[in-house]
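Under the numbering used here, the residue at position 662 of the sequence shown is numbered 666, and the numbers go up by one with no gaps.
Each residue gets a CB set at the ideal place from its N, CA and C atoms; glycine is no exception.
Here is the structure we will look at, set down as structure tokens.
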Amino acid sequence: MLKNSVGQNIYLEKINTVFSLPFIIFFPHIVYLFLLFGFFYFFQIDLSFLVILFFSLTFLTFGSVVGIFYKLLENLKETNSKYADFIEGTDNFIIRSDKHGKIIFANQISEKILGLMPTECRGLKAIDFVHPDDLKKTKKIFLYCIKNHKQYASLENRLRGLNGQIHYLLWTIHFHYNKKGILERIDNVAKDITELKEAETALLKNESRLKKAQKIAKIASWEKNYQTGEIYWSEELYFLLGYTNPKIQPSYRLLLDHIYPEDKRKILDISIIKNLIKTKKPINVEFKFFTVQKETRYANAQLEMEINETGKWLFGTFQDITDRKRIDEKLKLEKERLINLLEVLPAFVYLQRKDYSIAYGNKKFKEYFGEVGNKKCYELLISRGNPCENCRTFEVFENKNTIEWEWTDKNGKVYQVINHPFQDSDGTDLVLEMGIDITDKKLAEEAIKRERHLFIGGPVTIFKWELKEGWPVEYVSPNVIQYGFDPKDFLEGHLSYLDIIHPEDRQKVEEQAYRCIENGLNTIEQDYRIICPDKEIIWFYDFTVVIKNDQNVVTHLDGYVLNITERIQREEALKQSEVNFRAIIQSSYDSILILDTNRKVKFSNLAAEKIFEKSSKELLSLNPPLLFDKKTEIDIPQKNGNIIIAEMSNVEIQWEGQKAILVSLHDITGYRTAEIKIKEAKEKAEEADRAKSEFLANMSHELRTPLNGILGYTQILKKENLNEFQQKSIDIIEQSGMHLLNLINDILDLSKIEAKKMQLKEDEFHLPSFLEGIIGMIKMRAEDKGLTFEFIAISNIPHFTYGDNRILGQVLLNLLSNSVKYTEKGKILLTIGYVDGAQKIRFQVEDTGIGIPDNMLQDIFSPFKQIEMHIRNVEGTGLGLSISQKLVQMMGGQLQVESKLNHGSRFWFDIELPEVSKEPEEIQNQDTKIIGYEGKRIKILIVEDILENRMILNRFLSLIGFIVMEAKNGEEGVNKARDLLPDLILMDLYMPVMDGFQAIKQIKEIPELAETKIFTISASSEEFITKKFSNLGCTDYILKPVMENEILNKIERHLNVKWIYEKRGDLSNLEKQATHLDSEIVRPSSNEIKSLYKITKRGDIKRLNKELDKIELLDVKYKPFVKKIRSLASTFQIKKIGELLENQ
5 MLKNSVGQNI YLEKINTVFS LPFIIFFPHI VYLFLLFGFF YFFQIDLSFL
55 VILFFSLTFL TFGSVVGIFY KLLENLKETN SKYADFIEGT DNFIIRSDKH
105 GKIIFANQIS EKILGLMPTE CRGLKAIDFV HPDDLKKTKK IFLYCIKNHK
155 QYASLENRLR GLNGQIHYLL WTIHFHYNKK GILERIDNVA KDITELKEAE
205 TALLKNESRL KKAQKIAKIA SWEKNYQTGE IYWSEELYFL LGYTNPKIQP
255 SYRLLLDHIY PEDKRKILDI SIIKNLIKTK KPINVEFKFF TVQKETRYAN
305 AQLEMEINET GKWLFGTFQD ITDRKRIDEK LKLEKERLIN LLEVLPAFVY
355 LQRKDYSIAY GNKKFKEYFG EVGNKKCYEL LISRGNPCEN CRTFEVFENK
405 NTIEWEWTDK NGKVYQVINH PFQDSDGTDL VLEMGIDITD KKLAEEAIKR
455 ERHLFIGGPV TIFKWELKEG WPVEYVSPNV IQYGFDPKDF LEGHLSYLDI
505 IHPEDRQKVE EQAYRCIENG LNTIEQDYRI ICPDKEIIWF YDFTVVIKND
555 QNVVTHLDGY VLNITERIQR EEALKQSEVN FRAIIQSSYD SILILDTNRK
605 VKFSNLAAEK IFEKSSKELL SLNPPLLFDK KTEIDIPQKN GNIIIAEMSN
655 VEIQWEGQKA ILVSLHDITG YRTAEIKIKE AKEKAEEADR AKSEFLANMS
705 HELRTPLNGI LGYTQILKKE NLNEFQQKSI DIIEQSGMHL LNLINDILDL
755 SKIEAKKMQL KEDEFHLPSF LEGIIGMIKM RAEDKGLTFE FIAISNIPHF
805 TYGDNRILGQ VLLNLLSNSV KYTEKGKILL TIGYVDGAQK IRFQVEDTGI
855 GIPDNMLQDI FSPFKQIEMH IRNVEGTGLG LSISQKLVQM MGGQLQVESK
905 LNHGSRFWFD IELPEVSKEP EEIQNQDTKI IGYEGKRIKI LIVEDILENR
955 MILNRFLSLI GFIVMEAKNG EEGVNKARDL LPDLILMDLY MPVMDGFQAI
1005 KQIKEIPELA ETKIFTISAS SEEFITKKFS NLGCTDYILK PVMENEILNK
1055 IERHLNVKWI YEKRGDLSNL EKQATHLDSE IVRPSSNEIK SLYKITKRGD
1105 IKRLNKELDK IELLDVKYKP FVKKIRSLAS TFQIKKIGEL LENQ
């Protein structure tokens, strides 16, 4: 809209101009007309011809005018468009106002300058926007121009828009008048010079500041044109050279005249000028100059060459640095002084950078910590490889504050340290650290603290009182409160020192003080009592110092008092103690003498008079030599010829305030006589014990030797195909032999237990097989008496465990054997299982036997005791329970009992049997007969003088596949061993010709037999064998009777033999046929189930396995059933087997 408005106004103006042109163009035609009329009038030319000529000229002229007009009109339209675009596109502010000054047109810049749109400006007066400070000047110029009909004018002023912004404008003003000279309008074009004005203002300020700065900094400038020689000096340069008139003609020569000759070359040197021209880089020159007043000063000049169209110009600055130079000299001197001061300081000083490196360290620093080098502070000061936690230096870096702290170095020295922020000359932030060794000071402070504590915080209380009536107190130490006094009561005059002294001691204390002062003493010492506020009476030791003035007149007393109540009480107690001591030693049964330091008797009691057969007067001052014998026992001869043996002791004591020796003599004559008798009795007892041991060893040997033959042949015969009667007979022989062996072991075990020589021999064993063996032996005995035997496993028990199965078996056999002995009807029950919440297994034996009365329960674990009732006819040694209790205790348990007369008994114990992991094959082979072994044939030499024993060993070793050789004495054994080189030798110890001891020694000396395994075999006691075994150098030992399992286990362990076991029936073909039936369990007939259930209820696992073998042979389809029952039986899960069979 603005553009259209501007265009219309300009277009109308141009149209008026265009329409005034024809008048100018037609003016010649009018002249033509007048000329024609003149020709007609003067020359009488034909009028028609003139008319035709006129119209012809007119037509031609009009046609050209019309063409020109339209052409001009088109140009005007194009010009108008460009003009309008120019007005709107210009950065200048354009306004047109009427003769009254009201705006009739404004371009778009009005929005920036006045804060109004162009249309909003119409009707407003531009003069109203002029800044008040410029209003008068603006009106004056306008009025002058209008009054004098000036068409053009220039003006600079400020306008303030409605938005408050002020703009500097440079105006070009065009005044338009009509023909009468009356103002019609005004065209105004303004350029915004606000930024230029601000720059000029800043420049003026900068120039002013520059001059001030130059004056303050004493910096001047000069310029020289090398082509013209023209030179310029700033005012400051005149001043610096000492000229008071700045109008003196400057010259380069004049400037050089003020420079000292030795420094002129620094400026005149042609190489400097060439370098300036070549590099165009400024250079700095420092030199000495002198002023007009002949004062020597220093200057720093910067020279710079500039080449332009006006020539080569040398520009220079000239700064008076005299003050700085003098300051530098002073600073240099001060720096040297400071460095010297730092070097002699008794403190270490160093500067640290942020990267922990050390920028400077003084002499004391290097003396304390060594040369700085490239080390970090933590490496030098504390000898560590990384920075300290909570570094105090970095606290200064971060907070820019000064801190004081104490630091203890690696050697224990204490330093008072100050850390202060510091900035190096290049602006680098550093920390200045200064530390002074205050170790001695700290020690002194600690000493002062201790001393102060002694006097103020310690037991000593200080009083200072005047020597006036009542002794008023001027000072009292704070620790007087320990006695209940308030220090204020003394200092405010409510209490004097004499007021607190006990009334009975007050006069004595006062008189003693004045007496000492009169005698010229400077100190007073005395003990007295005081009364505390709570009425408690305490004793003071008072050390008082007499204080005198310059006239030697006593003015004060300084008292240092100490509570000695306990000492006084101890002294009183000591006095009473001496009285009591005299009474005690006088009445003592021991003879007591007190000797002085000269060893003369000063006191003796009645017992001493009696033993020495002298009166107290006779003993006094005597010096009996026997009292100084170093022996602890002395013999005192009596008048009747007897000797009294006395045990003597002495001790240093205080007697009547003097050092003394108290000698005590204790009559031990009767004790020594009894001791001799006891020694004789002990020797007799030891002789009897040796006889007992020999008897037991001989008894063991004599009994075990025939037992070895009996039990050896029972083991061989049991492997033969016997009928039921023969098998039962062999079992009875074996049981009887084992019973006799147990009796022997009971006696020997009791002997070892009493001598504390029995030890556990723990090893891995198969618990189910172990229990099966125990149950098999007891079950047969129980059934022979018509008793029912049951076994229950109340929880799963481990297959393999670690423990002493021999001792565990002995305990269980003792308990179960007792139950069979003392039970006439009913049943025997063995229960095994884990105890709830524990890792221990409980073994429990119950019976329905005769029971035990309550009053006899405490005797059942005593050796050789049986219940004195109607059971005297029961066989046994009476050792079973006593040994069992001790064996259970060795295994970490306690044998316990509950019993009721005529209702039976229950024995139980809990022990730990750690489970041991074994392969299934190893478990399967536990109850399987050994029929051979893998690998090469092993040669075994049996050296035994008894034929039966050799036959037994030869028999069961040959059956397994060993190559067995025999020798009937030690000498034959040595020869055969040398010739045959056996892998294992079984050596009896007691043989004719040569015993086993000598034979083993000779065999070990043969190089080829040095590593041969040797098992000793003996019928002697285990204790005897154990003693001898360690000296023989044998591999292992076996006690007679030799048990097959024991010897095979030891062969397996020491010779690394892998056994071949007998299979459970030849079922290989049947098993192949039955593989497809494994997943389906087929049960046998009800008769077989009932038979199995009955056997299970009795707990007879061995019989159960035999029955399962029979069922397995009946039909291959029963194999899965048999397999499942066997799996449960292998871990004695009797209850589960019973439940399984009961549900069939």
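- Spanning the alpha carbons of Ser823 and Ile832 requires a straight line of approximately 7 Å.
- Under the 10 Å beta carbon count, Lys1123 is surrounded by 16 or more other beta carbons and is classified as buried.
- Remark: C-beta atoms of Met998 and Gly974 approach each other more closely than 9 Å.
- Taking the C-beta atoms as reference points, Phe804 is found nearer than 9 Å to Leu771.
- For Asp671, the enclosing beta strand (DSSP E) covers residues Gln662 to Asp671.
- Look at Ser921 here: in three-state DSSP terms it is coil, with no helix or strand label.
- When DSSP states are grouped into helix, strand and coil, Asn654 belongs to the strand group.
- Contact fails between the stretch 466-478 and the stretch 577-593, because fewer than three Cβ pairs, one in each stretch, are under 8 Å apart.
- A contact is defined here as three or more CB-CB pairs under 8 Å, and the stretch 655-671 meets this definition with respect to the stretch 593-612.
- The count of Cβ pairs closer than 8 Å, one atom from the stretch 234-250 and one from the stretch 288-301, reaches three, so the stretches are in contact.
- Between Ile648 and Asp671, the CB-CB gap stays under 9 Å.
- Residue environment: Thr465 is assigned as buried (16 or more neighbouring CB atoms within 10 Å of its CB, all protein chains considered).
- Taking Pro254 as reference, the option from Ile967, Ile263 and Glu227 with the minimal CA-CA separation is Glu227.
- Looking at the DSSP output, Glu970 shares a beta bridge with Ile946.
- Relative to the Cα of Asp983, the nearest Cα in the group Ile944, Thr636 and Val549 belongs to Ile944.
- Per DSSP, Gly897 is not a residue of any beta strand (DSSP E), being assigned neither H nor E.
- Ranking Leu499, Ile964, Tyr354 and Val565 by CA distance to the CA of Leu434 puts Tyr354 first.
- By DSSP's assignment, Tyr230 forms no beta bridge with any residue.
- Between the alpha carbons of Asp562 and Phe544 lies a gap of roughly 15 Å.
- Straight-line spacing of the CA atoms in Phe1125 and Ile935 works out to 28 Å.
- Apart from sequence neighbours up to five positions away, the residues of its chain that approach Lys980 with a beta-carbon distance below 7 Å are Leu945, Met969 and Ala971, ordered along the chain.
- Here the C-alpha atom of Ile325 lies approximately 14 Å from the C-alpha atom of Ile263.
- Counting the other Cβ atoms within 10 Å of the Cβ of Asp914 gives 16 or more, which makes it buried.
- His424 has Leu436 as its beta-bridge partners, per DSSP.
- In this structure, Phe960 keeps its C-beta atom at 9 Å or more from the C-beta atom of Glu1050.
- A straight-line Cα-Cα distance of about 19 Å links Pro1088 and Ile1138.
- Boundaries of the beta strand (DSSP E) around Asn288: Ile287 to Phe294.
- With contacts defined by Cβ atoms closer than 9 Å, Leu988 and Thr1020 do not form a contacting pair.
- Fully enclosed beta strand (DSSP E) runs of no fewer than 3 residues occupy 767-770, 792-797, 804-807 and 831-838 of the stretch 751-839, in order along the chain.
- Within the stretch 541-584, no run of alpha helix (DSSP H) reaches 4 residues while sitting entirely inside it.
- In the same chain as Thr94, and ignoring 5 residues on each side of it, the C-beta atoms closer than 8 Å to its own belong to Asn111 and Ile113, in chain order.
- Between Thr412 and Val421 a beta carbon distance of about 10 Å is seen, past the 8 Å cut, so the two are scored as non-contacting.
- DSSP, reduced to helix, strand and coil, places Glu299 outside both helices and strands of the structure shown, so it counts as coil.
- Selection Leu1117, Ile1085, Leu128 and Ser1131 evaluated against Ile1105 yields Ser1131 as nearest (Cα-Cα).
- In the three-state scheme derived from DSSP, where H, G and I count as helix and E and B as strand, Thr718 is classed as helix.
- About 52 Å separates the Cβ atoms of Asn906 and Ile964, ruling out a contact at the 8 Å cut-off.
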